[in-house]
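According to the working numbering, the sequence shown is numbered sequentially starting from 70.
All C-beta atoms in this analysis are idealised placements derived from N, C-alpha and C, irrespective of residue type, glycine included.
Computed from a predicted structure; not experimentally measured.
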Amino acid sequence: MVRNLLALVLIVFIIGLITYGAFYSALTLANPDNPLNRSYRKYFLKRYVLRSAFRLNRIGDARFEFGSSDEFPTLAVNVFSQNGEQLSAATLERVISELARITDKPSGIILNVTERLSGLSGQSSDDDLKRLSEGYGPGFDFRRKRAAVNLFVLNSYTGLPSLTGLVRDDHSIFIFMETVRQVARFQNDSVGTEVSTILHEFGHLMGADHSGECIMSPVVEDATYENLPTRIAENYCESDIREIGNALIN
Ligand SMILES: [Zn+2]
């Protein structure tokens, strides 16, 4: 009897392990367009514990943690700046008030401007970005029910110097101030350029693709100057909010 029970436990354990391995491989490692990813990834994303277990951390994977208050009623925005670079208080104030429009955070949005980044000099490479996003981690605080986004304010990016901003995982935004300043000269407004870039990148973290001619327009993050509109939007428009809303449904 005991041997039968042990055999049953072993079989269940092995089946569980194989199932976990199959899901892990399909969700985490394989082509994002595979049927399992397309149909079921969103269900895994809705539970932080499942997202952690399967290490789901692509761009947009934290959208339910930002866009819903079920598990995380508070959002922390953590700002880390390279020496010599910083965002103005006006920029951060406007960013927070716009984020409050597109997230669902009844307990509020907390701003932490605490730390200077060390070990960076001038331009940052892809390796630097990887080291920063992995080094500072996702920052989700399950105990305090707090989702988090890390905002890294850097001088410039060697990978594609025309970018004003970039996202590369579920929780990090990189802003490249040298390019932001170049764009700001065309816009006559450095605060507005910083705001639009950060809002654009946060839209990606909410699962939005490029669309429309407002914040989620591709020109907002890529300073190919001849394509720049005379005035880049500094608030989410209806088209942006629709695109973000669709990402939370689909
Ligand atoms: Zn973009």
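Worksheet item: Taking Glu-154 as the reference, which of Thr-266, Leu-223 and Ser-202 has the closest Cα?
Response: Closest by C-alpha distance to Glu-154, out of Thr-266, Leu-223 and Ser-202, is Leu-223.
Worksheet entry | Beta-carbon contacts of Phe-149 that lie in its chain and below 6 Å, excluding the five residues immediately before and after | Contacts found: Glu-184, Leu-186 and Phe-221.
Worksheet item: Got a sec? Which residues, its chain only, sit under 8 Å from Asn-106 by beta carbon, not counting five neighbours each side?
Response: Closer than 8 Å at Cβ, skipping near neighbours: Ala-95, Leu-96, Ala-99 and Asn-100.
Fill in: Three-state secondary structure (DSSP) of Tyr-305
If DSSP states are grouped into helix, strand and coil, Tyr-305 belongs with coil.
Discussion item. Could you give the first and the last residue of the continuous alpha helix (DSSP H) run that contains Asn-106?
Written reply: From DSSP, the alpha helix (DSSP H) with Asn-106 extends over 104–114.
Worksheet item: In its own chain, which residues sit with a C-beta less than 7 Å from the C-beta of Asp-130, not counting the 5 before and 5 after it?
Response: A distance below 7 Å between beta-carbons, with the five flanking residues on each side excluded, links Asp-130 to the following residues of its chain, in chain order: Leu-114, Arg-120 and Asp-239.
Worksheet item: Under a Cβ-count criterion, where at least 16 other Cβ atoms within 10 Å of its own Cβ denotes burial, should Ile-267 be classed as buried or exposed?
Response: By the neighbour-count rule (16 or more Cβ atoms within 10 Å), Ile-267 is buried.
Discussion item. Given the structure, does His-348 come close to ligand 1, in the sense that its CB is under 8 Å from one of the ligand's heavy atoms?
Written reply: With the chain covering only 70 through 319, there is no way to say anything about residue 348.
Discussion item. Any residue with its Cβ nearer than 6 Å to a heavy atom of ligand 3 should be included. What is that list in chain order?
Written reply: With respect to small molecules bound, the structure shown includes ligand 1 and not ligand 3.
Worksheet entry | Proximity to Arg-39 [Cα-Cα], best of Lys-111, Phe-82, Gly-136 and Gly-85 | Here the chain comprises residues numbered 70 to 319, so residue 39 is not present and cannot be evaluated.
Practice prompt. Give the DSSP-derived three-state secondary structure of Gly-188 in the structure shown.
Written response: In the three-state DSSP reduction, Gly-188 falls in the coil class, being neither helix nor strand.
Discussion item. Can you give me the C-alpha to C-alpha distance between Asn-181 and Thr-262, rounded to a whole angstrom?
Written reply: Rounded to whole angstroms, the gap between the alpha carbons of Asn-181 and Thr-262 is 21 Å.
Fill in: From Ile-242, Asp-258 and Tyr-89, residue whose alpha carbon lies closest to that of Tyr-205
Selected option, being the one with the closest Cα: Ile-242.
Discussion item. Could you tell me which whole beta strand (DSSP E) segments of length 3 or greater appear in the region 133–216?
Written reply: Complete beta strand (DSSP E) runs here, min 3: 143–151 and 178–186.
Discussion item. Can you tell me whether Phe-211 is buried or exposed? The criterion is at least 16 other CB atoms within 10 Å of its CB, across all chains shown.
Written reply: When all chains shown are included, Phe-211 counts as exposed.
Practice prompt. List the DSSP bridge partners of Tyr-89.
Written response: In DSSP, Tyr-89 forms no bridge with anything.
Practice prompt. Would you kindly work out how many angstroms separate the C-alpha atoms of Leu-317 and Arg-124, rounded to a whole number?
Written response: About 19 Å.
Discussion item. If we require 3 or more residues per run, which beta strand (DSSP E) segments fall completely within the region 204–285?
Written reply: Restricting attention to beta strand (DSSP E) runs no shorter than 3 residues, the region 204–285 encloses them at 215–223, 234–236 and 241–245, ordered along the chain.
Item to complete: With Leu-125 as the anchor, note down where its alpha helix (DSSP H) starts and where it stops.
Response: Run containing Leu-125: none; DSSP gives neither H nor E here.
Item to complete: Drop a sphere of 10 angstroms on the beta-carbon of Asp-278, count the other beta-carbons inside from all chains shown, and report buried for 16 or more, exposed for fewer.
Response: By the neighbour-count criterion, in which 16 or more other beta carbons inside 10 Å mark a residue as buried, Asp-278 falls on the exposed side.
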